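First the structure, in the form of structure tokens, and then the observations on it.
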Amino acid sequence: MTDATRERLGRYALLGPAALFVAGVALLPVLFTLWLSLRRQLPIFGVSRFVGFENYRFLLEDGRFWSASAHTGYFVLFSVTLELALGLGIALLLRQRFPGRGVACALVLLPWAVPSVVAARFWEWIFNSDYGVLNYLLGTSVNWLGDPRWALPAAILADVWKTTPFVALLLLAGLQVIPEELYRAARIDGANSLQAFRRITLPLLMPVILLVLLFRTMDAARIFDLIFVLTGGGPANRTETLVVYAYKLLYRTLQFGYGSAVAVTTFLFILALSLAYLRIFRRAWRMREDR
Amino acid sequence: MDWKQLLRWLAGGLLLGLFVSFALGPFIWQLITALKPAGQLAQLPPLLPAPPTAQHFVAVLGAPGFLRVAANSVFVAVTTMLLAFILGVPAAYALAKLQVGGRQVILAALLCFSMFPAIANVAPLYLLFIHLGIRDSVFAVVITHSVFALPFTVWTLTNFFQEIPNDLYRAARIDGCSHGGILRHVVLPLAMPGLVSVGLLVFIFSWNEFLYSFTLTATERSRTLPVAIALFAGLHEIPWGEIAAAAILATIPTVVLVFLFQRRIISGLTAGAVKG
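Chains as they are written, first to last, in this note's numbering: chain A, 150 to 440; chain B, 134 to 409.
Have a look at this one:
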């Protein structure tokens, strides 16, 4: 055996197990979902046959699918925007040096460590219409999770609570690599803090902001746990997102074919979104390099 | 110190205080609920339990199955972490230190995989595990968790391993060290902080995961804590006090980890994200 062959074999031995595992348990099942989505598959009735794009055609006429898409879009837009704005504010505050800063970071990070299911239970109890502390503090008697107008905003608030820490700490890490000298130079040149923020902080932080935006958008678009436990998609499906709808089709009504079509479409939505982000990324990077 | 600066400090402190209260409020309220006697749960005021009681915690810990479910959660999270390391460390080493063709493509694919929605492959896995007769076993849960943990592990560890100087790697290679030897004597000791970060994040991810654990389990034989908490239901009425106690108990391990290893966790989350 030559040295080159030995090298190559060594590389395969190192990479192989992980590659096989990912291919077997992640990639193949996705392809199988694709195949299922082209079939009518109802195990309880013993129905299993190929129907081509029938499921996808049905998707176009399915009002519930479109409202689930709209809820998902609404959820992504508002939760990600709020998380980014709040997270940036907290990151700017935590960048200052002050006594107890480490403890403050740990406290801010706490909600991120809570399982989404537990977070949903926390907020379900806070939003409770009869004994909830929110109504008590506000002096109102709103049925937050039962009122179609409030249920989705309530779910967004719970998500903002849970994920803002992640956003804040990634942005904080991004802020900490901006050299201190830049700010000192700007101060000497007579720039005020708002100008320093606009001319130094924002442009230099932009790559991290875009990355956080990508992570959070993809994560919010596949929201399931929080909404499933908090409202179950109700009231009257007003908080039903794409993944919640796909879950119900698959496991409540056991429509494996149509449920898979919804799952595949969700996957394609998220893929398209991330590709769009990556294009914006590349443009932002190129602009930075041109400067 | 001039007035303007003092004012800015005060405003900053106030804002930070507000946010910390927002972050902690739901925890504190849940703890108060868990400590309230059953009769006071449906009353407001009083805000604080009078007197506080441990009855809900006792009920949860004494309930048949709770300890089993907690043990399942620990087993699943630890095994997922080990599996992710066993498969992920060699792969990350190869990607960081050897000439691998299509390296950029592999790394991009890994990032995609760690982000893709679980719903896209849960149905086939569900059907497959039923077919193999391992639905409702902790192993089914471990396998699915590892699929998501592995791409993240490889991606992050590759970033950590790349920071180890190539000279060290080359010197060991020239001295006739095998890949296994280099990993054990050079890479792993130097990348220990990175390994701790990744291990913690995988543990927390697995501890919190819901969709797979929920669909692939059917009984307390294999259920994890998030599933049990999502399914918590009383015989007659919703047992808010017990739900609160169980929710607090399920959160304790991750909260302790965050307090002990806050810096390691943050460095794991930001590895590659900020530098790359």
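Even glycine gets a Cβ: it sits at the ideal position worked out from N, Cα and C.
Every value quoted in this text rests on a predicted model; they were computed, and no experiment measured them.
{"Check": "CA-CA distance, B/L132 and A/V174?", "Outcome": "Missing from the structure shown is residue 132 of chain B; chain B here goes from 134 to 409 and no further."}
{"Check": "Is A/Y92 close to chain B, meaning its C-beta is less than 8 Å from at least one C-beta of that chain?", "Outcome": "This structure cannot settle anything about residue 92 of chain A, because the visible part of chain A is limited to 150 through 440."}
{"Check": "Please go through the same chain and pick out, in chain order, the residues whose beta-carbon is closer than 7 Å to the beta-carbon of A/L391, but skip the five residues on each side of it.", "Outcome": "A217, S218, T221, V411, T415"}
{"Check": "Measuring alpha carbon to alpha carbon, tell me which of A/F247, A/A167, A/G236 ends up nearest B/L228.", "Outcome": "A/A167"}
{"Check": "For A/Y161, is the classification buried or exposed, using 16 other Cβ atoms within 10 angstroms of its Cβ as the cut-off for buried?", "Outcome": "exposed"}
{"Check": "Look at A/L318 and B/L402 and say whether their C-beta atoms are less than 8 Å apart.", "Outcome": "yes"}
{"Check": "Spatial neighbours of B/V233 within its chain, please: C-beta separation below 8 Å, excluding the five flanking residues on both sides.", "Outcome": "A227, I239"}
{"Check": "Just to confirm the assignment, what range does the beta strand (DSSP E) spanning A/Q190 have?", "Outcome": "188-191"}
{"Check": "Is B/A210 close to chain A? Criterion is C-beta to C-beta, closer than 8 Å.", "Outcome": "no"}
{"Check": "With 8 Å set as the bound, which would you pick, yes or no: does the beta-carbon of B/T289 sit closer than that to a beta-carbon of chain A?", "Outcome": "no"}
{"Check": "Specify, as a first and last residue, the run of the alpha helix (DSSP H) that A/R160 falls within.", "Outcome": "152-171"}
{"Check": "From the DSSP output, in three-state form, read off A/S197 for me.", "Outcome": "strand"}
{"Check": "Let me know the secondary structure DSSP gives B/P359 once reduced to three states.", "Outcome": "helix"}
{"Check": "Name the chain B residues that come within less than 9 Å of A/D374, Cβ to Cβ?", "Outcome": "N341, E342, F343, L344, F347, P359, A363"}
{"Check": "Beta-carbon separation of B/H318 and A/L163 under 8 Å?", "Outcome": "no"}
{"Check": "Along chain B, which residues have their Cβ under 9 Å away from the Cβ of A/S228?", "Outcome": "In chain order: nothing, as chain B lies at least about 15 Å away."}
{"Check": "Taking A/P384 as the reference, which of A/R431, A/T366, A/W310, A/N292 has the closest Cα?", "Outcome": "A/N292"}
{"Check": "Quick one: which chain A residues come within Cβ less than 7 Å of B/T403?", "Outcome": "L319, A322"}
{"Check": "Give the DSSP-derived three-state secondary structure of B/E370 in the structure shown.", "Outcome": "coil"}
{"Check": "Does the Cβ-Cβ distance between A/A262 and B/T387 come in under 8 Å?", "Outcome": "yes"}
{"Check": "Just to confirm my understanding: we take B/H278, look at its own chain, exclude 5 residues before and 5 after, and list those with CB closer than 7 Å. What are they?", "Outcome": "V209, T213, S339, E342, Y345"}
{"Check": "Determine whether the Cβ of B/Q163 lies closer than 8 Å to any Cβ atom of chain A.", "Outcome": "yes"}
{"Check": "List in chain order: all unbroken alpha helix (DSSP H) runs of 4+ residues lying wholly within the stretch 240-292 of chain B.", "Outcome": "252-265"}
{"Check": "Can you pull out the residues from the stretch 178-206 of chain B whose beta carbon lies closer than 9 Å to at least one beta carbon of chain A?", "Outcome": "P178, L180"}
{"Check": "Indicate whether at least one CB of chain A lies closer than 8 Å to the CB of B/H312.", "Outcome": "yes"}
{"Check": "Thinking C-alpha only, which one of A/L237, A/A370, A/V266 is nearest A/L324?", "Outcome": "A/L237"}
{"Check": "I want to see whether chain A comes within less than 8 Å of B/Y226, judged by CB atoms only; does it?", "Outcome": "yes"}
{"Check": "Buried or exposed for A/Q190, going by 16 or more other Cβ atoms inside 10 Å?", "Outcome": "buried"}
{"Check": "For a contact meaning CB atoms closer than 9 Å, what does B/P159 contact in chain A?", "Outcome": "P260, V263, A268, F271, W272, W274, I275, A307, W310"}
{"Check": "Please report how far the alpha carbon of A/L243 lies from the alpha carbon of B/I399, in whole angstroms.", "Outcome": "14 Å"}
{"Check": "Between the Cα of B/S247 and the Cα atoms of B/G327, B/D308, B/L283, which residue gives the shortest distance?", "Outcome": "B/L283"}
{"Check": "Roughly how many angstroms separate the alpha carbons of A/A340 and A/A234, rounded to a whole number?", "Outcome": "24 Å"}
{"Check": "So is B/G409 buried or exposed if we call it buried at 16+ other beta carbons inside 10 Å?", "Outcome": "Low confidence applies here, because B/G409 scores a pLDDT of 42, under 50, leaving its location unreliable; read the following figure in that light. The residue in question, B/G409, is exposed, as its Cβ has fewer than 16 Cβ neighbours within 10 Å."}
{"Check": "For a test of your reading of the model: does the CB of A/I349 fall under 7 Å from any non-hydrogen atom of the ligand GTP? Yes or no.", "Outcome": "In the structure on display, the ligand GTP does not appear, and there are no ligands present to speak of."}
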